[in-house]
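Numbering-wise, numbering that gives the first Met the number 0 puts 61 at position 62 of the sequence shown, and it's gapless, one number per residue. Positions of the beta carbon are idealized from the N, C-alpha and C atoms, including for glycine. Note that the coordinates shown come from a computational prediction; the quantities given were computed from them, not determined experimentally. The next block holds one structure in the form of structure tokens; read it before the comments.
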Amino acid sequence: MSEYNELAGEYIVVKALENGVTIIGLTRGRDTKFHHSEKLDKGEIMIAQFTQHTSAIKIRGRAEIMTKHGNLRTDQT
Ligand code: TRP
Numbered sequence: 000m001s002e003y004n005e006l007a008g009e010y011i012v013v014k015a016l017e018n019g020v021t022i023i024g025l026t027r028g029r030d031t032k033f034h035h036s037e038k039l040d041k042g043e044i045m046i047a048q049f050t051q052h053t054s055a056i057k058i059r060g061r062a063e064i065m066t067k068h069g070n071l072r073t074d075q076t
């Protein structure tokens, strides 16, 4: 665990409210690049963690997101 700094380690929960919700992990550090993307179908849940590789997470599509900052939903498009 010591390779994780105190900013890492936080988990978020994403619940897809439609098919094809995309979760994209963006790299930590000077460069901000996509390093992973994951597709969820309606009803699927992913528990994702901020790590030494991931400092931002982008979510595309209708989803409910639960974090320690509160629960939110992406707007209907
Ligand atoms: N590579 C950036 C970083 O580690 C990724 C990032 C984090 C970012 N938070 C952001 C990019 C907010 C844009 C806006 O800091």
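Residue 0 - DSSP class collapsed to helix/strand/coil: For this step, residue 0 is matched to residue 1 along the sequence shown. For residue 0, the predicted structure reports a pLDDT of 49, less than 50, and the residue's modelled location is therefore unreliable. The matter cannot be settled from this model.
I need the straight-line Cα distance from residue 44 to residue 51, nearest angstrom please. Taking the first residue of the sequence shown as 1, we reach residue 44 at position 45. Taking the first residue of the sequence shown as 1, we reach residue 51 at position 52. Cα to Cα, residue 44 sits roughly 23 Å from residue 51.
Could you tell me which residues DSSP pairs with residue 70 in its beta bridges? Residue mapping note: residue 70 aligns to position 71 of the sequence shown, counting from 1. Its beta-bridge partners are 65.
Within 7 Å of the ligand TRP: residues by beta-carbon to any heavy atom: 25, 26, 27, 28, 29, 30, 31, 54 and 55
Skipping 5 residues on each side, what residues in its chain have a beta carbon closer than 6 Å to that of residue 26? Within the sequence shown, the letter at position 27 stands for residue 26. If we look at residue 26 and ignore the five residues flanking it on each side, its Cβ neighbours are 32 and 34.
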